[in-house]
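Below is one structure; the comments refer to it alone.
Residue numbers (my numbering), protein chains in the order written: chain A, 2 to 475; chain B, 2 to 475; chain C, 2 to 475.
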């Protein structure tokens, strides 16, 4: 532990002295490749407006759910971390105080990817030279605050500095896409929308009727009938295509894609919209959502938007927390996922269609070798998405490679996607993935299972070429 | 293989030459820390009476279900190993003969933790200098027999020699706690009871009515009504608290904690007690047990006893074996566990309560990264229990660290618990866990994911400080 | 990458410099042990007729579903690879063209076991000296074609060259076993049949009634009653025993072995055979199949045929592909498996029977540590089958050892089985398994968890002695 905080150039590479030099060589070949960030949640406004980031807490702490979850698990209350709508009792509004709480909890991030991402950001992006702690909190804060006051730290400047070739945002189906239109003019091909219709496909959500109205307004097509609903969705998808969108994104509890007969689907839609407020039963809701996933696949096979599916998350595990602090703040928790039967209808229908591509993600790693790799290893339309969310960490990423590659190979992978709303963590996330992949490939070389030239070529595929291929409209 | 059997000082540390010296340094820093054994099944009478151990077979073979299972799988019959109630046909009563069968089967323990624990015990505790085998069985027996004849090998002396600061026993809810009262006077704070009400929470068990009577007798509160039943449980919990108890322990088939409305719970209780003998259906039994877990959590939030939950075991897989040789002898087998939905009611109700702590264990490792780490990584009341039972082995413990740490961090762990009734294996088990943790932490250091000072600090947390924290009444 | 393609002698051994020399020593001790191939699917006619292999494509590409699946996942159509019945539109009949497609896709096999097996075959068996690629396809083809024209490459000669001591084929229950009779005379004890009654135990299959007729014809026992059906199965099992058969093989969707009352089983049989064509419901079909597994176990306990169970595969995931290209071509996909409850009836009944042995396989690795190892680690009749199918790859085999050994030990394993219909891949598969086991055992030695002499002894058990023991009729 030196006085000045620096990061080791070999971090996250394998320690074994035979493997490390090979890993270094592979990593060196991909370290500086451009970033293709085809699945993420940075707000499009950041790029459209290009305003300076507000303050270190709003930049690094408040929006990072990995970070706030860990502090909550150790006794912090969300409002103390600045999380919650205005007026929340105890809501901390002093960014320096929030930042102190984060720095005081630095120990709790040991062994987690948050630690890696944050130290990368603090040292490599913001030039911080002391480790975070209760004692150094203000010094770190001041250093970050000084950096983000510099125009070189505005979002568009950072796009260049981070070598981000393309970044996709996530946008509601009813988005007017105005900001994307502005960006298409000012930064052509650099910032792309992603079509996310989740709320519309789940009639049980409290906002569903309002969201139908939003869809109608955005599309100019009445959504009071099932046929109109489908047409309106088609219209918005076309608008996303026109705005440069390459993909859709679907977060469902299950991967079930079983279609319903048209009349049944229509009856469920009507029942969900019915004035009596009875709504759908849990089973009906699940059946309708599954049916709509099939419809989304069918539309993708028409319009070429790459379909992304992220199932297996129980949203808002603690409803009281969600009610108090807003949607997605209620502690999402993974549950067991099932893909072999769930994806079967879509793969039977479109699994060999040249115009269709499906990228499937999981946070239930139990299905890597059992279901996803065997499916991706045979259906041409299916790509296996990168390690996602809780599994987006060094050992988990290594487990993914080890469990999935032997059956699916590398060519059926999506390559890395960062899936983050924390813009400044994007280079750290891609860098970590490149290091972990270099380490995995180096082991294959060291065990004489792959030649070095193949490993370098594969590392470039995973870091750059495969995401470009996977998200090119087929 | 030298003539004299010795153990390598680096055993169970990583082989890689970069990592091993770091692991040695971390291990050296924690090797001699006191043992905090907060979850175990050593009989309290061992400490209360402090009698010498009977013989090597009764000490090392007969009560060790890891050991007897392996020999059974290779064709031994339980009675040949001295297992079974008096009068069992073929029950071996010659301890030397039992010990010979164990030594002749030494090969079968290769690669299992039993091998590690036993070689540690034989060499480091009993001074054995030859490897067990059919040929050496009598020599090993004689050496162990000579050792345990020495007063230095009585249980209380071994408590000191093993550096056991605190040890928890497991006691039925109706225990009068007399032996604990004696120990509280003679060895204050050293041997603590744990409240285990399992039989009372499962009305379908054959002994349930008798156990209710035992509860009534111990508590002085009639248990013929649901309200009385709850009051009697509260009384016994208070008695355990008064006797120094820090925790409860719950072994249920499922982790379901769904509460029932009071009147439904009461009706199930009455139905289970009903004179008609009809009892509860399987579904009713499961619902009542889940409801009672919720009640236990509610009582823990009142009295501060740390709640331990060990679900996911199908008890007595072979009922004929259980019938012949006694409960828990019938080959317990793990089944798939589910925590995300199961724990939700308790976590919604008490997950943020400062007075409540839940330590969850699993022998279904598929839930480490999928459910338990995400839950422990956000709910302040939840700690993730150590690798348990079949997973309490070098590679399994390493998998636990790798799968759980990246999401839960270290601070949300219980630290190591040995969970054994084999008293002399306790130092071996803690030593092995410290070695495996040192190896895991050394890899993080060697991969520049953690600094060495942080790794040493974390190793001490896992070995000593976290168990003390986790089992301190909140 | 040298000009001449050679394979590294240390391939698939651990890279760590401490562990590799130990692994080399262990591997050297088992490398040349004979092959005992007790579970495989090479056509018995290959040995009975001893004809030359037709051409490189028919030998290496067309029958290898690992290989064709990967090319399909990258856009190839099965007919382009020569797969499909005569008359299939687009069916490629030029073996050289098929071989070119395989060579052009060589990149896609990186990181998969197919890569290892094929390079072993091409270099070590066929003497190929250039890596496959679009450019070298014809050169590689010519080299393989020249080799298989040599009488030294006929199947029986290769049996010797491959050091195959015994090989089991898989044969339908109604097989007349003529070819096995011929082989018993000409190559005594070398090629053995395996009794595979799957189609007869699944009344819902379209061929079931025809298969019943085949069974009746082969056994000379009418199969129009349930009693006759069982008698006919017994007769065929006896014929397999007489022909040297040692085992049965069962591929069911689930591991359920729950027996039905005789009258219920008989009623289901009658209903399935009924002229009205209604057949069994899905539940009835599953119940009947489970019941028949129990009957097979009961017969095994009588006749000593070792029972092999391979559950957990959803056959023909894409029915249209199966319809076009034949059974087993429709992309089999694993699903979650359950053994603890499923095997319970058979283990309760026969788990301690000295005349019964069950070898259980899985492609759901989630059950290794949770269910299979605990079961195999206590029931003497149960052996844990080797890593199977998708899991028959270096990292997956290592995970199997790491997850299963600590609970089941080595003595409860079946040893390696290759399970292949690709005859020339057999030495490669056994060699890879021996290397991976040597690496695993070497780590145990390097970590001082096992002595070197024990590791060498265990490696020989896994490679040779355990398969011989596991498949010896008990």
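Even for Gly, the Cβ is constructed at its ideal location relative to N, Cα and C.
{"Query": "In chain order, each beta strand (DSSP E) run of at least 3 residues that lies wholly inside the segment 234-260 of chain C", "Result": "248-251"}
{"Query": "Cβ contact check for the segment 28-41 of chain B and the segment 125-132 of chain B: 3 or more pairs under 8 Å", "Result": "no"}
{"Query": "Nearest-angstrom Cβ-Cβ length linking residue 408 of chain B and residue 378 of chain B, presumed shorter than 8 Å", "Result": "5 Å"}
{"Query": "Range covered by the alpha helix (DSSP H) that runs through residue 303 of chain A", "Result": "283-304"}
{"Query": "8 Å Cβ cutoff, residue 380 of chain B in contact with chain A", "Result": "yes"}
{"Query": "Residue environment, residue 38 of chain B, which counts as buried when at least 16 other CB atoms sit within 10 Å", "Result": "buried"}
{"Query": "Counted within 10 angstroms of its Cβ, other Cβ atoms place residue 412 of chain B as buried (16 or more) or exposed", "Result": "buried"}
{"Query": "Cβ-based neighbour list, residue 404 of chain C, same chain, cut-off 6 Å, excluding 5 preceding and 5 following", "Result": "369, 370"}
{"Query": "Residue 48 of chain C versus residue 153 of chain C: straight-line alpha-carbon distance, rounded", "Result": "14 Å"}
{"Query": "Assigned exposure category for residue 396 of chain C - 16 Cβ within 10 Å defines buried", "Result": "buried"}
{"Query": "Beta-carbon neighbours of residue 257 of chain B, restricted to chain C and to distances below 9 Å", "Result": "None at all; the shortest Cβ gap to chain C is about 17 Å."}
{"Query": "Nearest-angstrom Cα separation, counted from residue 219 of chain B out to residue 270 of chain B", "Result": "20 Å"}
{"Query": "Beta-carbon neighbours of residue 411 of chain C, restricted to chain B and to distances below 7 Å", "Result": "111, 112"}
{"Query": "Own chain residues within Cβ distance below 8 Å of residue 148 of chain B, not counting five before or after", "Result": "126, 127, 128, 154"}
{"Query": "Below-8 Å beta-carbon distance, residue 2 of chain B vs any chain A residue", "Result": "Low confidence applies here, because residue 2 of chain B scores a pLDDT of 46, under 50, leaving its location unreliable and the question unanswered by this model."}
{"Query": "Check whether residue 306 of chain C and residue 224 of chain C have beta carbons under 8 Å apart", "Result": "no"}
{"Query": "Between the CA atoms of residue 46 of chain B and residue 434 of chain A - distance to the nearest angstrom", "Result": "55 Å"}
{"Query": "Beta carbon proximity, residue 352 of chain B to chain A, threshold 8 Å", "Result": "yes"}
{"Query": "Residue 309 of chain B: first and last residue of the uninterrupted beta strand (DSSP E) it sits in", "Result": "307-310"}
{"Query": "Whole-angstrom distance between residue 203 of chain A and residue 280 of chain A, CA atom to CA atom", "Result": "11 Å"}
{"Query": "Whether residue 436 of chain B touches residue 451 of chain C by CB criterion (8 Å)", "Result": "no"}
{"Query": "Chain B within 8 Å of residue 117 of chain A, Cβ atoms only", "Result": "yes"}
{"Query": "Straight-line Cα distance separating residue 357 of chain B from residue 321 of chain A", "Result": "18 Å"}
{"Query": "8 Å Cβ shell around residue 190 of chain A - same chain, five flanking residues per side excluded", "Result": "167, 245"}
{"Query": "Closest residue to residue 430 of chain A among A:456, A:398, A:448 (Cα-Cα distance)", "Result": "A:398"}
{"Query": "Given residue 264 of chain A as reference, the closest of A:346, A:227, A:299 once Cα atoms are compared", "Result": "A:227"}
{"Query": "Exposure of residue 91 of chain B, with buried meaning 16 or more beta-carbon neighbours within 10 Å", "Result": "exposed"}
{"Query": "Residue 70 of chain C, buried or exposed, once every other Cβ within 10 Å from all chains shown has been counted against 16", "Result": "buried"}
{"Query": "Cutoff 8 Å: residue 448 of chain C Cβ touching any chain B Cβ", "Result": "yes"}
{"Query": "Pairwise C-alpha distance: residue 135 of chain A and residue 475 of chain B", "Result": "25 Å"}
{"Query": "Min CB distance residue 293 of chain B to chain C below 8 Å", "Result": "no"}
{"Query": "Alpha-carbon to alpha-carbon, residue 391 of chain A and residue 427 of chain C", "Result": "40 Å"}
{"Query": "Where residue 418 of chain C falls: helix, strand or coil (DSSP)", "Result": "coil"}
{"Query": "Cutoff 8 Å: residue 80 of chain A Cβ touching any chain C Cβ", "Result": "no"}
{"Query": "Chain-order list of residues whose beta-carbon lies under 7 Å from that of residue 177 of chain B (same chain, five-residue window excluded)", "Result": "219"}
{"Query": "Whole-number beta carbon distance between residue 121 of chain B and residue 432 of chain B, since they are thought to touch under 8 Å", "Result": "7 Å"}
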